[in-house]
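Below is one structure, written out as structure tokens; the observations come after it.
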Amino acid sequence: PTVRELSGAEEQSDTDGYSLVPTLLGKGEQKKHEQLYWEFFEGGGKRAILKGDWKLILYNTNKADNPRAELFNITNDQSEKIDLSKKNSGKVAELTTLMDQVRTPSEHPGFKLKSER
Numbered sequence: 003p004t005v006r007e008l009s010g011a012e013e014q015s016d017t018d019g020y021s022l023v024p025t026l027l028g029k030g031e032q033k034k035h036e037q038l039y040w041e042f043f044e045g046g047g048k049r050a051i052l053k054g055d056w057k058l059i060l061y062n063t064n065k066a067d068n069p070r071a072e073l074f075n076i077t078n079d080q081s082e083k084i085d086l087s088k089k090n091s092g093k094v095a096e097l098t099t100l101m102d103q104v105r106t107p108s109e110h111p112g113f114k115l116k117s118e119r
């Protein structure tokens, strides 16, 4: 979206993302995503979601039915040193559900996981 806007190209209705032009040029309010989600296949699989002050990370997602969770309040703990998952099981459940809702599974990740070899 950023390059499209800067180049003057026509906007596509199915674009997933926001232009960073307001931030780059210091003009106007920058749109922000409600949440950010990412996923990695290595090391048994990891999934993470960031929403508001909270970041949830799930480990061993390719191997475990009940992956290990870590929850951080990134406003108060930017270094992610204090795991709050045990004290905030409701927030873990809420963010895990949101992860499942926003996730788009990769049909063909381009490589085989160790468990598939």
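To convert, note that position 22 of the sequence shown is 24 in this note's numbering; the numbers rise steadily by one, no gaps. Backbone N, C-alpha and C define an ideal beta-carbon position, used for all residues, glycine too.
Short of 7 Å in beta carbon distance, which residues of its chain neighbour residue i, apart from the five on each side in sequence? Order them along the chain.
i    : result
T25  : Q32
T106 : none
S87  : A71, E72, L73 and V94
N62  : G46, G47, P69 and R70
G30  : P24
Please say whether residue j and residue i have beta carbons closer to each other than 8 Å?
i   : j    : result
K57 : I76  : yes
Y39 : V104 : yes
K53 : E41  : no
Please return the same chain residues whose Cβ sits closer than 6 Å to the Cβ of residue i, not counting the five positions on each side in sequence.
i   : result
I59 : A50 and E72
Cβ-heavy atom distance between residue i and the ligand SAM below 7 Å?
i   : result
V23 : By its list of ligands, the structure shown contains no ligand whatsoever, and the ligand SAM lies outside what it can speak to.
Inset, instruction - Let me know the beta strand (DSSP E) ranges lying completely inside the segment 37-98, each 3 residues or longer, listed in chain order. - result: Unbroken beta strand (DSSP E) runs of no fewer than 3 residues, entirely contained in the segment 37-98, are found at 38-42, 48-53, 56-61 and 70-75, following chain order.
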